[in-house]
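Q: Please read through the structure below; I'll follow up with questions.
There are 2 protein chains.
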Amino acid sequence: MARKQPPKALVFDVFGTCVDWHGSIIRDGRLLNQERGWDIDWEGLVNAWRAAYRPSMDRVRSREVPWTSLDELHLASLKELLPRFIGKTPKRAIKAEDLEYISKAWHRLKGWPDTVRGLKQLKSKFIIGTLSNGNVGLLTRMAKHAGLPWDVIFSSDWVHHYKPDPEMYLSPVNMLSLKPEEVMLVAAHKHDLDGAAKCGLKTAFIIRPLEYGKPHFDAGKYDSKFEKRFDYNAKSFIELADQLGC
Amino acid sequence: MARKQPPKALVFDVFGTCVDWHGSIIRDGRLLNQERGWDIDWEGLVNAWRAAYRPSMDRVRSREVPWTSLDELHLASLKELLPRFIGKTPKRAIKAEDLEYISKAWHRLKGWPDTVRGLKQLKSKFIIGTLSNGNVGLLTRMAKHAGLPWDVIFSSDWVHHYKPDPEMYLSPVNMLSLKPEEVMLVAAHKHDLDGAAKCGLKTAFIIRPLEYGKPHFDAGKYDSKFEKRFDYNAKSFIELADQLGC
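Chains as they are written, first to last, in our numbering: chain A, 2 to 247; chain B, 2 to 247.
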């Protein structure tokens, strides 16, 4: 039962696992519509924007393009996608600085209801950190905005790799001088956990049924079932903290 | 007066500026003497250990030896120095795991009386982070031990450079997508602040008269005078927070 030795550090996927990107960006955007008299379809935009996330990173992972931070990828995707979603908004009403501001909506995401309380509980016993494809500036500002009490920020930016590259999963192992099995990834996405497990990390799966706004059982957009292959399975960070004896 | 535009992020030298390495290691060691019946001269050892710090890093900076983390440098210096300070302790009483434990005394340092309260005040208005030659594991564990509420850990480990190499001072600038003058180094050591100023960062000098245990006015071991060339001069983090309107 060596597998069930508790880990020493917990590292977290952030987008979807810790914060509600879908709901936060729609809310942020609709407030902007109201303030500026714009007619942007934020729900359509955020879904298309998130769908561009993986392909844009894969171009960096394959070295088709040189290292590009997630802030830069977000801005580039936004510029490409926004025209399809502006509705009756006059194109010239949206300035370059507005695009900058909108692209930083990813810095202004809010946690799920259990996120801050659960992280504080887990922090009392473990080192807690991000392990995110977000860049350091994004993750740092998001933490201040959403009150996420990280001990340390592990980011794609430091290693110039995106998950699921093994360099990312091994970064907290090396930097904290721990064995792989002493580090556990907490994530709402099974492919991410499988990537971590391949590198020898422990895994904790958290179900986040509202990641895409409403439960999409049929579309299978979110991972909805516990799996025995993960070391822990929980419905919230608080449930995970209970399982870990915090 | 562009120089007096407030910064957006404050980064801190850690050893001596935020934490009392001299007093903490002596205390940690004397408790160990008592527990184990050892006779180690901790005051002599800690002074020699700290004196080995700069030359050991300089060998890495000059690329005479490959990248070596501060944890590893601390352990190597300890092995070299300890025999001179063991007094009547039998050499075989000190095992390899004891050396490991002693070398991690640098993870167990405590803040100055104003450190935690001052950092919390500063954190309410600014991004606060380390900018330290300590490695990520050391700085993360020290923060948990001493309650230092960092938003982000900037470390030699991430850039494989030690201060005063410019790569270190520019790391928070690049990673937070800020201009150099939007980042301020807070430090008790003038040579460190001068290194930051050369890279365009703002500077805040904090006097720490007890860094070497007692004020060494004659020995000039600690920097004891305010200087006009620094953007801010203060006697504590709380005084600095007041000056910055926190």
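Every residue, glycine too, gets a C-beta built ideally from N, C-alpha and C.
1. Any beta-carbon of chain A closer than 9 Å to the one on M58/B?
2. Hey, quick one: how far does the alpha helix (DSSP H) through V174/B stretch, first residue to last?
3. Does any residue of chain A bring its CB to less than 9 Å from the CB of N136/B?
4. Does the Cβ of W68/B have 16 or more other Cβ atoms within 10 Å, making it buried, or fewer, making it exposed?
5. Smallest Cα separation from A77/A: which of A147/A, S133/A, M143/A and P56/A?
6. Considering Cα atoms alone, identify which of D42/A, G17/A and G38/A is closest to I27/A.
7. Taking the alpha-carbon of N134/A as reference, which of G214/A, K180/A, V184/A and V61/A has the nearest alpha-carbon?
8. How would you list, in chain order, the residues of chain C whose beta-carbon sits under 9 Å from the beta-carbon of K145/B?
9. Is the CB of D166/A under 9 Å away from at least one CB in chain B?
10. T131/A by DSSP, collapsed to three states: which one?
11. Once DSSP output is grouped into helix, strand and coil, what is the label at T141/A?
12. Give me, in chain order, the residues of the same chain whose beta-carbon lies closer than 8 Å to that of D224/B; leave out the 5 immediate sequence neighbours on both sides.
13. Give the single residue among D40/B, A242/B and D72/B whose Cα lies nearest to the Cα of W257/B.
14. For K203/B, does the three-state DSSP call read helix, strand or coil?
15. Would a C-beta distance cut-off of 9 Å place T116/A and F16/A closer than the cut-off?
16. How many angstroms separate the CA atom of M185/B from the CA atom of A235/B?
17. Could you tell me whether the Cβ of M176/B comes closer than 9 Å to any Cβ of chain A?
18. In three-state terms, what does DSSP make of S156/B?
19. Terminal residues of the continuous beta strand (DSSP E) containing L11/B?
20. Taking C-beta pairs closer than 8 Å, name the residues in chain A that D72/B reaches, listed in chain order.
21. Which runs of the alpha helix (DSSP H) spanning at least 4 residues fall entirely within the stretch 41–80 of chain A, listed in chain order?
22. CA-CA distance, G148/B and G30/B?
23. Between which two residues does the alpha helix (DSSP H) holding A97/A run?
24. Check the Cβ-Cβ distances between R62/B and every residue of chain A, and say whether any is below 9 Å.
25. Taking 9 Å as the CB-CB limit, is A3/B close to chain A?
26. Indicate the three-state DSSP secondary structure (helix, strand or coil) for A235/B in the structure shown.
27. Kindly confirm or deny that the stretch 114–132 of chain B and the stretch 151–164 of chain B touch, where touching means at least three C-beta pairs closer than 8 Å.
28. Could you tell me whether the Cβ of D40/B comes closer than 9 Å to any Cβ of chain A?
29. Would W107/B count as contacting chain A if we go by Cβ distances under 9 Å?
30. Check A188/A in the structure and name its three-state DSSP category.
31. Taking Cβ-Cβ distances shorter than 7 Å, what residues in chain A pair up with W300/B?
32. Can you give me the start and stop residues for the alpha helix (DSSP H) that R118/A sits inside?
33. Counting only Cβ pairs nearer than 9 Å, list the residues of chain A close to T204/B.
A: Taking the geometry as given:
1. no
2. P167 to M176
3. yes
4. exposed
5. P56/A
6. D42/A
7. V61/A
8. Within the model displayed, chain C is absent; protein chains A and B are what it includes.
9. no
10. strand
11. helix
12. A189, H190, K191, F206 and I208
13. Only positions 2 to 247 of chain B appear in the structure, and residue 257/B is not among them; the question remains open.
14. strand
15. no
16. 14 Å
17. yes
18. strand
19. A10 to F13
20. S178
21. 43–52 and 54–62
22. 21 Å
23. A97 to S104
24. no
25. Note that A3/B scores 43 on pLDDT, short of 50, meaning its location in the model is unreliable and no value can be drawn from it.
26. strand
27. yes
28. no
29. no
30. strand
31. Residue 300/B is absent from the model: chain B starts at 2 and stops at 247.
32. T116 to K124
33. Simply none; closest approach about 22 Å.
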